[in-house]
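**Q** The sequence shown begins at 77 in our numbering and counts up one residue at a time.
Where is the CB? At the ideal position from N, CA and C, for every residue including glycine.
So that we are looking at the same thing, I have put the structure below in structure tokens.
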Amino acid sequence: MRQIGLILITFVFIGCSSSPNVSSVTVITQSNSIVVTDLMHELEREHIAGTFDGMVLVVHERETLLEAAFGLADRQQMRKNDADVVYDMGSIAKTFTAAAVLQLAANNRIELTQTLVDFYPNAPDELKLITITQLLGHTSGLDNFHNDSDFEFMDKAEAERRILSMPLIAKPGDKTAYSNAAYTLLAAIVEKVSHQPFQEYIQTQILSPLHLHKTGFYQDGRLIDSKIARGYGGDDPGQTTFEKELTWALMGAGGMVTSIDDLATWFSALRSGRFLPENSLNDAFTKANERWLLGSLAQTEINGNTVIQMGGSTDYGYTALIQFVPHHDLMIILLLNAHNNKYRNATHHQLSRKHILPILLREFE
77 MRQIGLILIT
87 FVFIGCSSSP
97 NVSSVTVITQ
107 SNSIVVTDLM
117 HELEREHIAG
127 TFDGMVLVVH
137 ERETLLEAAF
147 GLADRQQMRK
157 NDADVVYDMG
167 SIAKTFTAAA
177 VLQLAANNRI
187 ELTQTLVDFY
197 PNAPDELKLI
207 TITQLLGHTS
217 GLDNFHNDSD
227 FEFMDKAEAE
237 RRILSMPLIA
247 KPGDKTAYSN
257 AAYTLLAAIV
267 EKVSHQPFQE
277 YIQTQILSPL
287 HLHKTGFYQD
297 GRLIDSKIAR
307 GYGGDDPGQT
317 TFEKELTWAL
327 MGAGGMVTSI
337 DDLATWFSAL
347 RSGRFLPENS
357 LNDAFTKANE
367 RWLLGSLAQT
377 EINGNTVIQM
387 GGSTDYGYTA
397 LIQFVPHHDL
407 MIILLLNAHN
417 NKYRNATHHQ
427 LSRKHILPIL
437 LREFE
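Here you go:
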């Protein structure tokens, strides 16, 4: 189980020469264990069936058991997925927003017990007592603040106005209800406290210090366009979210892209607290409530195991997932850019729950 083979093997399966959907598998790293061989066979079957394209990474006790690329990043250019390709991470972007808040708290620039009235004195009375912790843990009572596209143009003032004028769907602290609006508001609060644009703060205080050079926001000039994966799911295949302007309809809640190795590095930093000042308490894995941790990570049970996770899905077929099973020190990361009708925009969760975790957990139980 401990012997790790470092190999680079590419398999290509072409069902029809006129078909743009060429199945290919590139194994970057694979251990010699039977369980990983079984997992690869399962993933190959699902990929060939059209269930997904993208990157899969499995790490056990900080050793890479499997890193593999499936399918194409660009079907028109016949460009394969690989470890250098950048994918939309969807709501995993919320972990960066949460980290920014926790970093400011560690630097004594904000307190998690502070309420909205400290930042928005003119907010309606029912919103004034919402705490930072409640925003982080999806118990603020804030609903989604727009029903249009995530790419709808909206400046910060308009986003704040809409969020602060919405009636609450529950009294703060009473109910867990997933809220993109809460994280957009947190991004605005980061700007108020840091006196920096939110994107600049994330870049200078988190991405650059951690050398996450393949992680950024939509239209980030540092990222090479040719390395962006196009999405193949839904009604408009072959598009990219990266080309869209990031507006405050999405700020803080999404709008970020990353590579598989960068995302693994980021989750390691979340676990270790490397994004925080030295000797600071790492609250990323502290419970905000029974469902959510302060680092925008959900805690759930799968097959009798506690699993800490965050996932995301966006337009055009992108889905993404980080999962961590503490009892087995097992991490799974998926960055996917295609799906068919089998699981659709739940492909990330279903691929892991039905095809990855059962195989791996049988080995470790």
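Rank 194, 213 and 398 by C-alpha distance to the C-alpha of residue 204 and give the top, closest one.
**A** Minimum Cα distance to residue 204 is reached at 194.
**Q** Measuring only the C-alpha atoms, how far is residue 161 from residue 344?
**A** Answer to the nearest angstrom: the Cα atoms are 20 Å apart.
**Q** Just list the beta strand (DSSP E) runs in the region 376 to 429, keeping only unbroken ones of 3 residues or longer that don't cross its boundaries, in chain order.
**A** The region 376 to 429 contains these whole beta strand (DSSP E) runs: 381 to 389, 395 to 401 and 406 to 415.
**Q** In terms of alpha-carbon separation, which member of 350, 420, 414 and 429 lies closest to residue 385?
**A** Residue 385 has its Cα closest to that of 429, out of 350, 420, 414 and 429.
**Q** Should residue 360 and residue 180 be called a contact, given that it needs their Cβ atoms to be closer than 9 Å?
**A** No; because the gap between Cβ atoms is not below 9 Å, this pair is not in contact.
**Q** Identify the residues that DSSP records as bridge partners of residue 131: which are they?
**A** Residue 131 is bridged to 145 and 411.
**Q** Assign residue 405 to buried or exposed, taking buried as 16 or more other Cβ atoms, counted over all protein chains shown, within 10 Å of its Cβ.
**A** Per the 10 Å Cβ criterion, exposed.
**Q** Out of 253, 126 and 412, which one is the CA nearest neighbour of residue 220?
**A** Measuring from the Cα of residue 220, the nearest candidate turns out to be 253.
**Q** Using a Cβ distance threshold of 8 Å, determine whether the region 127 to 137 contacts the region 336 to 351, with at least three qualifying pairs required.
**A** Counting Cβ pairs under 8 Å, three or more are found: they touch.
**Q** Just the C-alpha distance for residue 144 and residue 165, rounded to the nearest angstrom, thanks.
**A** Using only the alpha carbons, I get a separation of about 18 Å.
**Q** I'd like the span of the alpha helix (DSSP H) that includes residue 161, first residue to last.
**A** No alpha helix (DSSP H) contains residue 161, which DSSP labels as neither H nor E.
**Q** Work out the CA separation of residue 390 and residue 325 for me, nearest whole Å.
**A** Residue 325 and residue 390: Cα-Cα distance of roughly 13 Å.
**Q** Going by beta-carbon coordinates alone, are residue 170 and residue 329 separated by less than 9 Å?
**A** Closer than 9 Å, so yes.
**Q** Any idea what DSSP makes of residue 439, helix, strand or coil?
**A** It is helical.
**Q** Among 314, 297, 288 and 295, which one has its Cα closest to the Cα of residue 341?
**A** Checking every option, the nearest Cα to that of residue 341 belongs to 288.
**Q** Based on the DSSP secondary-structure assignment, which residues constitute the bridge partners of residue 155?
**A** DSSP, once it has assigned bridges, lists 150 as partnering residue 155.
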